[in-house]
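Asker:
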Amino acid sequence: MELYTPEALITEEEIRERLSFLGKAITKDFDGEELVVICVLKGAFVFCSDLIKKINLPVKLEFISLSSYGDSSNSSGNVRLEMDVATNIEGRNVLVIEDIVDTGLTIKTLMEILKARKPKTLKLASLLFKPTKISHKIEINYLGFEIEDKFVIGYGLDYAGRYRELPYIGILNAGN
Ligand code: IMP
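Per my numbering, residue 12 is the first one in the sequence shown, and the count goes up by one each step.
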C-alpha cells in the first residue's frame, strides 16, 4: 500500500491551540446569541467541524458550495453558486467558514451574495490567508494562520481531490 506523509507546515497541536483561541473570541463576540454557521464546501469542512466544537453558542449549521470558472491566474474569473444554504439568513448572525483566502475572489463573491440577503451581522472565519496573492479587499474577522505563497494540502484542503484527510497542514511538493 502506498504511504505518503507530506512535510507539516502547521501541526495538529498548533491547529488545536489556534482553534481554541478563535472559538473563545467568537463566543465572546456574539455574547449568547444564536449563530448561523455557513461552511464553504468542500475545503472548510474539517476546520468547520473542529471550530464549531469550540464555540459555546447555539449554532445552526449550513453548507454552501461554489465553483470557479475561467483563467485561475486572472482575478476576473467567474464564481458560481453550486449549492445554496437551506435557511433564510435575514436578520440572523452569520459566520462564514472558509478554508483559504488566496486572491480573495471566491470569498468576496460569496460575501456579496450573502450581504444582499440582509443578515443582522456577517463575519468571516478563514483557516488560512495568503497575503501575497490577494487582489480583492477582504476582511477576515477570525483568521487561523497567515502563510506564504505555497500550495498547501491537508486538514480539508486538497490537491486534485487528495490529501483532505491529513490531520495537519502540509506543503505540496513534487515528491507527494
Ligand atoms: P481565491 O478565490 O483565489 O481566494 O481562491 C480560494 C480557493 O482556492 C480556496 O477556497 C481553495 O479551494 C483554493 N485554493 C487556493 N489556494 C489553495 C492551496 O494552497 N491549497 C488548496 N486549495 C487552495
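The C-beta atom is built at its ideal place from N, Cα and C for all residues, glycine as well.
#1: Just the Cα atoms here: how many angstroms apart are T143 and C50?
#2: Mind checking whether G155 and L138 have CB atoms under 8 Å apart?
#3: Got a sec: does the ligand IMP put a non-hydrogen atom nearer than 7 Å to the Cβ of E109?
#4: Helix or strand or just coil, what does DSSP make of S146?
#5: Identify whether F57 lies in helix, strand or coil by the three-state DSSP scheme.
#6: Would you call the CB atoms of V90 and T117 closer than 8 Å?
#7: At a threshold of 7 Å, does F162 count as lining the ligand IMP (C-beta to nearest heavy atom)?
#8: From the DSSP output, read off the bridge partner residues of M94.
#9: Below 8 Å, can you find three or more Cβ-Cβ pairs linking the stretch 124 to 139 to the stretch 95 to 115?
#10: Per DSSP, what are the beta-bridge partners of G43 in this structure?
#11: Give the DSSP-derived three-state secondary structure of L62 in the structure shown.
#12: I want to see whether chain D comes within less than 8 Å of G115, judged by CB atoms only; does it?
#13: Any heavy atom of the ligand IMP closer than 7 Å to the Cβ of V57?
Answerer: The structure says:
#1: 25 Å
#2: yes
#3: yes
#4: coil
#5: Just to set this straight, residue 57 is Val in the shown sequence, not Phe. If DSSP states are grouped into helix, strand and coil, V57 belongs with the helices.
#6: yes
#7: yes
#8: S76
#9: yes
#10: G43 pairs with nothing; no bridge assigned.
#11: helix
#12: Among the chains in the structure shown there is no chain D, since it carries only a single protein chain.
#13: no
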